[in-house]
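Enquirer: Here it is, the structure in full.
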Amino acid sequence: MTELRAHSRGLPWLAVLAAASACDPAINVWGSYFPGWVACLFGGIATTAGLRVVFARTGLERHLGPLFLIYPCLLLLSTLLFWIVCFEG
3 MTELRAHSRG LPWLAVLAAA SACDPAINVW GSYFPGWVAC LFGGIATTAG LRVVFARTGL
63 ERHLGPLFLI YPCLLLLSTL LFWIVCFEG
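Using the working numbering, the first residue of the sequence shown is number 3, and each one after it goes up by one.
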């Protein structure tokens, strides 16, 4: 009986996720449609690479914390900011 309750609690969330999956924006690039998150990911990668160069040239990189955590978090931040600016604003 408890297993049935556990499955029934997840059903509303599953319905919301199924309904939201059709809302992904598509970008037309030379006749081929790409999901919007791919464009945001490329923008995030370019931004993170640019900021890495700026941090290295100004000497700020040595004052940052563990770089294997800083740069993936910066990538995620810049990708999500691209999504907000391009598709939510």
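Glycine included, every Cβ here is placed at the ideal spot set by N, Cα and C.
Note that the coordinates shown come from a computational prediction; the quantities given were computed from them, not determined experimentally.
Does residue 74 come out as helix, strand or coil in the three-state DSSP assignment?
Expert: helix
Enquirer: Between residue 38 and residue 27, how many whole angstroms is the CB-CB distance? I'm expecting something under 8 Å.
Expert: Here residue 38 really is in contact with residue 27; their C-beta atoms are around 4 Å apart, less than 8 Å.
Enquirer: Do residue 80 and residue 60 come within 7 Å of each other at the CB atom, strictly closer than that value?
Expert: no
Enquirer: Let's test the definition: count the other Cβ atoms within 10 Å of the Cβ of residue 32 and tell me whether it reaches 16, buried, or not, exposed.
Expert: exposed
Enquirer: With distances taken between CB atoms, is the gap from residue 48 to residue 29 smaller than 7 Å?
Expert: Taking the C-beta atoms as reference points, residue 29 is found no nearer than 7 Å to residue 48.
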